[in-house]
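Structure first, commentary second.
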Amino acid sequence: MYFRDKYQNKLNMKRLLLFSVFCTLVMGLSAQKVTLRINEPNDISGGLLFVPGSFGGDVAAGVVTAEAACSEPIQACTPLTNGAAISGKIALIDRGTCNFDQKCLNAQNAGAVAVIVMNHNDQANRGGTAFVMGGATPAIADQVTIPCVMISYADGVKLKAACTDGDIINITLGSVNKQDRDVSIYGRTTTILSNGSTFTQPIVFNPQYGAIPSKEIKNDGDFSFIPGAYFKNDGNLTLNNLDLSVTIKRGATDIYHDETNENISLEPDSISALLNNTFEFSSVDTNGRIGAYNISYNIGNEEADDIDIDNTHSTTIQITNNLLSKCRLDVNTKIPQIGSFVWGGQDGYREIMVPLNIRNGKGAVLDSIFSYVQAAAGTLAGSYFEGRVYKFTDINGDGIITSDELELVALGFNSFAPTFTGTSAILRLGLESLVGSSTIYTIEEDNTLFFATIRYEGGSGGMFFGYDMDFHQESYFLLKESLGQLEITDYPYLSSATKDATTDGPDMSAAGLFFVDANGSGAFDTLETAFFTPSIVLQITYPEEVNTKDISGDLDVQLELSPVPARDVLVASFSLDEASKVNYQIIAANGNLVLNQYDKVAAKDFRTTFNVSGLAAGTYFLKINTDKGYTKKAFVKVN
Numbered sequence: 019m020y021f022r023d024k025y026q027n028k029l030n031m032k033r034l035l036l037f038s039v040f041c042t043l044v045m046g047l048s049a050q051k052v053t054l055r056i057n058e059p060n061d062i063s064g065g066l067l068f069v070p071g072s073f074g075g076d077v078a079a080g081v082v083t084a085e086a087a088c089s090e091p092i093q094a095c096t097p098l099t100n101g102a103a104i105s106g107k108i109a110l111i112d113r114g115t116c117n118f119d120q121k122c123l124n125a126q127n128a129g130a131v132a133v134i135v136m137n138h139n140d141q142a143n144r145g146g147t148a149f150v151m152g153g154a155t156p157a158i159a160d161q162v163t164i165p166c167v168m169i170s171y172a173d174g175v176k177l178k179a180a181c182t183d184g185d186i187i188n189i190t191l192g193s194v195n196k197q198d199r200d201v202s203i204y205g206r207t208t209t210i211l212s213n214g215s216t217f218t219q220p221i222v223f224n225p226q227y228g229a230i231p232s233k234e235i236k237n238d239g240d241f242s243f244i245p246g247a248y249f250k251n252d253g254n255l256t257l258n259n260l261d262l263s264v265t266i267k268r269g270a271t272d273i274y275h276d277e278t279n280e281n282i283s284l285e286p287d288s289i290s291a292l293l294n295n296t297f298e299f300s301s302v303d304t305n306g307r308i309g310a311y312n313i314s315y316n317i318g319n320e321e322a323d324d325i326d327i328d329n330t331h332s333t334t335i336q337i338t339n340n341l342l343s344k345c346r347l348d349v350n351t352k353i354p355q356i357g358s359f360v361w362g363g364q365d366g367y368r369e370i371m372v373p374l375n376i377r378n379g380k381g382a383v384l385d386s387i388f389s390y391v392q393a394a395a396g397t398l399a400g401s402y403f404e405g406r407v408y409k410f411t412d413i414n415g416d417g418i419i420t421s422d423e424l425e426l427v428a429l430g431f432n433s434f435a436p437t438f439t440g441t442s443a444i445l446r447l448g449l450e451s452l453v454g455s456s457t458i459y460t461i462e463e464d465n466t467l468f469f470a471t472i473r474y475e476g477g478s479g480g481m482f483f484g485y486d487m488d489f490h491q492e493s494y495f496l497l498k499e500s501l502g503q504l505e506i507t508d509y510p511y512l513s514s515a516t517k518d519a520t521t522d523g524p525d526m527s528a529a530g531l532f533f534v535d536a537n538g539s540g541a542f543d544t545l546e547t548a549f550f551t552p553s554i555v556l557q558i559t560y561p562e563e564v565n566t567k568d569i570s571g572d573l574d575v576q577l578e579l580s581p582v583p584a585r586d587v588l589v590a591s592f593s594l595d596e597a598s599k600v601n602y603q604i605i606a607a608n609g610n611l612v613l614n615q616y617d618k619v620a621a622k623d624f625r626t627t628f629n630v631s632g633l634a635a636g637t638y639f640l641k642i643n644t645d646k647g648y649t650k651k652a653f654v655k656v657n
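Take any residue in the sequence shown, note its place counting from 1, add 18, and you have its number in our numbering.
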């Protein structure tokens, strides 16, 4: 894998116009467009974003305009009790409790002409936005012949409120004729030959990270975002004065808004793209930086669009305390956000590697790796995974990453029990240092390139890995490549199915991206589509600035440790006169830091238990850092 010299200059582009930079974006002709639109009531009328299910009638085969009604029961897991109200109408159904195919079949049996499933708001369980509904049981899914689609939680709330209010709801679902004025954010559809499934990704410029620690953002260039989007003229007429507006919100506050005014004209069935001005996240005040950021894209033209629902796209990223991820995630559960498809499935060894240049990490600790896995057949019972972190050192200075230049510095593992019945799981792999005598790995210097990886040793049936399908990095990656500024950290991930015979690590000469074998050749060529969708979350514990005053002698701070000596656990009890957040450190007699953890909830009274069973016998110090200062006490560990 070639690693170019690092690009040192800040990427500075002003209103860059892209017409044919990327040969992978192929223009497509279409006479019709599939849409979902609320016609009544007027206060919620308009188009809705939706995703068709993997079963049921072809949404694009025709058009259905009908009244809609909420099913009873609302989750439709049993035969509907309001069949008379549903018959001849579009059934509105809540997600949850039972499989999608069963819900849709129950609605069809009640006489529904189509089904709209409304997602829930459990973000840790793929809630919120719509995704492809799978058919869990072929014998059931094959019976469903009516169109079945999913919409977001937010849109579902509006429809259910209309049901509660007794409003007449009228909806159009299906193909509509080609309109005169119709521009959209371009979404490329890819077909997987092996099963005929398709998925569509909006081609926009996403940020390079879905989650990044605030401490990684100190200077301009540490986390830059160049907003941009591809757009297509789906209408009959040439469109004039096209523009792209992008807004970034932190809560309800706009922190960035930029709109191009390039007077772009676009002929029917043509594709073009626009880039807006660069935004530096370093410009956000550090005191209010941590949290979620919503990014919205909107394509417009000089006249009103006939179909405007596909003019917009939005995504969300997070600035965090200690999570670094190229995919988006739920910061509370650390669950990566995945799309409707997972990739892999091979029976043998596979290592998924995410390159991460940690700019401001000196003194930080590599804590954990998180990822999503799914068995290709059967359950995960007996499956073994490793979480690994490799440090790259360019030994000969040639800028080429070879297997012998990757040093394995931290390792964690998980083995599913033979009795485990789940087919998928979120992996959490706690990392232990393989360097020096400490059990934790501390980053020694800033600007260090690491590869955070999930390693599967192979087994019967194979394994799939989860990727954030709607947060792909293709546009950003190919732009950097076209400008000759591509770095290894611009790769969303690398995958290797071959071990290096000498190092037992990944064979970097065989590393690359997954791709769709679009023509059945079995090899990557110009007709293929590579997946630029990121994966894997790395948790880093950063050293926090604490008060350097020794408060060990204060009457209100009496640190008690038990049992003495400690064998398997150590319990620390103490009280403070003022509420404080606390940082705990266990330090060996030689000065090595062997534990570094935080209690983020401010309190006055603490009783905390530490697992010390893995420590070697000897003398240690427990140091407790508070807002007021620190206190420490020695303890003896015995076997």
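C-beta atoms are modelled at their ideal positions from N, C-alpha and C, and glycine is treated no differently.
Computed from a predicted model, the values in this text were never measured in an experiment.
According to DSSP, residue pairing for GLU596 in a beta bridge does not occur. The shortest C-alpha to C-alpha distance from PHE73 to any of ILE169, ASP119, ASN295, GLU425 is the one to ASP119.
The shortest C-alpha to C-alpha distance from GLU596 to any of LEU613, TYR602, ILE189, VAL619 is the one to VAL619. Nearest to ALA148 by C-alpha distance, out of MET487, LEU613, ASN614, PRO583, is MET487.
In the assembly as shown, ASP61 is an exposed residue. Its beta-carbon has fewer than 16 other beta-carbons within 10 Å. In terms of Cβ geometry, ASN294 and HIS490 do not form a close pair [threshold 8 Å]. Annotated three-state conformation of PRO436 is coil, per DSSP. With a 10 Å radius around the Cβ and a threshold of 16 neighbouring Cβ atoms, VAL349 comes out buried.
Of SER421, PHE403, LEU284, the smallest CA-CA separation from PHE410 is found for SER421.
Two segments are said to touch when three or more pairs of C-beta atoms, one from each, lie closer than 8 Å; by this definition the stretch 498-516 does not touch the stretch 379-395.
A straight-line Cα-Cα distance of about 14 Å links VAL555 and LEU512. Check the Cα spacing between LYS233 and each of ILE604, PHE243, TYR560, LYS655: the tightest is with TYR560. In terms of Cβ geometry, GLY366 and GLY192 do not form a close pair [threshold 8 Å]. In this model, PHE592 and MET168 are separated by some 52 Å (Cα to Cα). In this structure ILE370 is in contact with THR471, their Cβ atoms being roughly 6 Å apart against a cut-off of 8 Å. Per DSSP, the beta bridge partners of GLN603 are ASN614, LYS641. Only residues of its own chain outside the window of five on either side were considered, and among them LEU54, ALA148, VAL167, MET168, ILE169 have a CB closer than 7 Å to the CB of PHE68, listed in chain order. Where ILE158 is concerned, the enclosing alpha helix (DSSP H) starts and stops at 156-159.
In terms of Cα proximity to ALA634, the closest of VAL612, ARG625, LYS176, ASP252 is VAL612. For GLY75, the CB contacts under 7 Å within the same chain, skipping 5 residues up- and downstream, are THR163, ILE164, PRO165 in chain order. With a contact defined as Cβ atoms closer than 8 Å, LYS178 and MET136 qualify at about 7 Å. Assigned with DSSP and collapsed to three states, GLY632 falls in coil, not helix or strand. Apart from the 5 residues on each side of it in sequence, GLY306 sits with its Cβ closer than 8 Å to the Cβ of ARG268 in its chain, given in chain order. By the Cβ-count criterion, PRO436 is exposed, with fewer than 16 other Cβ atoms from all chains shown falling within 10 Å of its own Cβ. For the 8 Å CB-CB criterion, GLY381 and GLY405 do not form a contact. Annotated as distal: ASN643 and VAL575, with beta-carbon spacing of 8 Å or more.
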